[in-house]
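**Student:**
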Amino acid sequence: TDQDGNLDQLSDAIRRQRELGIQIGDELDSHVQLIDETESMVERTDARLQRAKRKLDYVGRKVRDNRKCSICIVIVLIFIFFILLALFR
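Using this note's numbering, the first residue of the sequence shown is number 4, and each one after it goes up by one.
Below, the structure is given as structure tokens:
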């Protein structure tokens, strides 16, 4: 009977270990799902950031091009001003 009691205790401990293992497995499954969802969100965010970077690069190029054009216009206007100043002196 002493041996039966020990076997019952061992059986209970094994049952608790099994239940704990199942709970840990369930918890790991939920963490895997959360990690997958997070990875998906990171990939979408990365794609959006890449698109935004391309748009900013495009705008930056246009600003540089317009700055060059603006400088040319200012130079032409200054040249015209000096011509008008020379003509009306």
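In this text, a Cβ means the ideal position worked out from N, Cα and C, and glycines have one as well.
(1) With DSSP collapsed to three states, give me the class of THR4.
(2) To the nearest angstrom, report how far apart ASP60 and ALA89 are at their CA atoms.
(3) Have a look at ASP49 and GLN26 and give me their C-alpha separation to the nearest angstrom.
**Tutor:** Reading off the structure:
(1) Here residue 4 refers to the residue found at position 1 when the sequence shown is read from its first residue. The answer is coil: DSSP assigns THR4 none of H, G, I, E or B.
(2) Residue 60 sits at position 57 when you count from the first residue of the sequence shown. Residue 89 sits at position 86 when you count from the first residue of the sequence shown. Each residue's alpha carbon lies about 44 Å from the other.
(3) Along the sequence shown, read from residue 1 onward, the residue named residue 49 stands at position 46. Along the sequence shown, read from residue 1 onward, the residue named residue 26 stands at position 23. C-alpha separation (whole angstroms): 34 Å.
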